[in-house]
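All remarks here apply to the structure that follows.
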Amino acid sequence: MNLPELYTQVVAARPEAAVRGLVWHGHSDRDAHWSRNGALLYDDEAEALIGWHWLSLLPHFVSVMRGMDNPGPRYWVDSPGYAFPCADTPIEAIAAYLLETAKEAT
């Protein structure tokens, strides 16, 4: 998963998905490639912030589901009458949902 690319794609389609103050600085010799309000963040910290915010954008009665597939777990967003594509990580599943619902809204 390329988190910066995924984040950029989702925010372009759904501006409300942007995490306030979160900035991607590109690859560098340091392990911290993100910052928020001046504080450096590692990739896993940025992923947690993004995931938490994106979860808050899901409507009521919509959930992130985990199932077993070969070779391992898969995730998807399940809503009444609609199941979104499977993904390798929860954040990718939420991104697929946000991108798909952005298309439907236009």
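Heads up: the sequence shown begins at 28 in the working numbering, then just goes up one per residue. C-beta: ideal position from N, C-alpha, C; glycine also.
TODO: Return the CA-CA distance between I77 and H60, expressed in angstroms with no decimal places.
DONE: So the two alpha carbons sit approximately 14 Å from each other.
Open item on the list: From the DSSP secondary-structure annotation, give me the bridge partner or partners of M92.
Closed with: W103, per the DSSP bridge assignment.
TODO: Name the residue from G53, P86, H52 and A110 whose alpha carbon lies nearest to the alpha carbon of M92.
DONE: The option with the nearest alpha carbon to M92 is A110.
- [ ] State the DSSP-derived secondary structure class of L84, mapped to helix, strand or coil.
- [x] Looking at L84 - three-state DSSP - the assignment turns out to be coil, as it is neither helix nor strand.
Open item on the list: Using the three-state DSSP reduction, which class does V46 fall into: helix, strand or coil?
Closed with: V46: coil per DSSP, three-state reduction.
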